[in-house]
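Undergrad: Residues 16 to 223 in my numbering are what the sequence shown spells out, letter by letter.
Glycine included, each C-beta is placed from N, C-alpha and C at the ideal position.
Here it is, the structure in full.
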Amino acid sequence: MPEAIIPTLRERKKVETWTAIHEAASSLAQERGLDQATVEVVAEAAGVSPRTFFNYFPAKEDAVLGLREPVLDPGEAAKLEGAADLLGQISLLLVAVARSAFGSTDPGRRRELLQRYPNLHRRQMEYMAKGEALVCEAVIAALANDPAWSGGAEGFSPGETARMLVMLAAVPAKFTATSPGFDPAAGLTPGELAPALELFHHLQRKLS
16 MPEAIIPTLR
26 ERKKVETWTA
36 IHEAASSLAQ
46 ERGLDQATVE
56 VVAEAAGVSP
66 RTFFNYFPAK
76 EDAVLGLREP
86 VLDPGEAAKL
96 EGAADLLGQI
106 SLLLVAVARS
116 AFGSTDPGRR
126 RELLQRYPNL
136 HRRQMEYMAK
146 GEALVCEAVI
156 AALANDPAWS
166 GGAEGFSPGE
176 TARMLVMLAA
186 VPAKFTATSP
196 GFDPAAGLTP
206 GELAPALELF
216 HHLQRKLS
């Protein structure tokens, strides 16, 4: 069993500061309204300076929702190379990267804020777009190492090929996200994606 990685004091402090800012922003937006939750008011409530606020969040909306810059796990990206089900693997990677943009936040409070302030959905979707761009870069790298794909699809560059593959692979996630009962506050999980992936593959077989 690998040894547990113990975070340094600096890392723990960063997590504490991030959490304090997010909690202050989310609580103030819930209690006083989004317009009243200004950067200055949030920073004061969190016990930090506005400058420190911007070291952690580029905008107050990000702090309210607890959004982080999406990250791509190299180990997960490596699963793309030689994958028997490339589109399915890209779909799962899209979900993993999207989930990395959500901090450890209260989904109930996030749900209420998203319902009260629809413009927050737009900010959340901007982070999902950043995640798709990361996945696209990973797909380009994976295709470059596969002789069957390294030149891209016939008549199209590797970049164009990767972008199309990512767009196709995003269909199951978007299908699930627009289905009744989906909770955008909690985000999509691999388990929730499974039925849509099954339908996606079934349609692939029917159309081939």
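Can the beta-carbon of Phe69 be found less than 8 Å from the beta-carbon of Ile36?
TA: Translated into positions along the sequence shown, residue 69 becomes position 54. Translated into positions along the sequence shown, residue 36 becomes position 21. The answer is no: Cβ separation not under 8 Å.
Undergrad: Under DSSP, the alpha helix (DSSP H) around Ile36 begins and ends at which residues?
TA: Within the sequence shown, numbered from 1, the residue matching residue 36 stands at position 21. Run containing Ile36: Leu24 to Arg47, per the alpha helix (DSSP H) assignment.
Undergrad: Return the CA-CA distance between Glu26 and Arg66, expressed in angstroms with no decimal places.
TA: Counted from its first residue, the sequence shown places residue 26 at position 11. Counted from its first residue, the sequence shown places residue 66 at position 51. For Glu26 and Arg66, the distance between alpha carbons rounds to 19 Å.
Undergrad: Measure the Cβ-Cβ separation of Val63 and Ala40 and say whether it is below 8 Å.
TA: Sequence index remark: in the sequence shown, residue 63 carries index 48 (1-based). Sequence index remark: in the sequence shown, residue 40 carries index 25 (1-based). Contact: no.
Undergrad: Helix, strand or coil for Phe197, going by three-state DSSP, please let me know.
TA: Reading the sequence shown from its first residue, position 182 is the one you call residue 197. Three-state result, Phe197: coil.
Undergrad: Sorted by chain position, which residues of the same chain lie with C-beta nearer than 8 Å to Arg114's C-beta, five sequence neighbours on each side aside?
TA: Numbered from 1 along the sequence shown, position 99 holds the residue referred to as residue 114. Excluding sequence neighbours, Arg114 sits near Gly202, Leu203 and Thr204.
Undergrad: Using a 10 Å radius around the Cβ and a threshold of 16 neighbouring Cβ atoms, would you call Lys221 buried or exposed?
TA: If you number the sequence shown from 1, residue 221 lands on position 206. The residue is exposed, with fewer than 16 neighbouring Cβ atoms inside 10 Å.
Undergrad: Between which residues of its own chain and His136 is the CB-CB distance below 8 Å, once the five residues before and five after are set aside?
TA: Against the sequence shown, residue 136 aligns to sequence position 121. So the list reads Leu129 and Pro199, once near-sequence residues are dropped.
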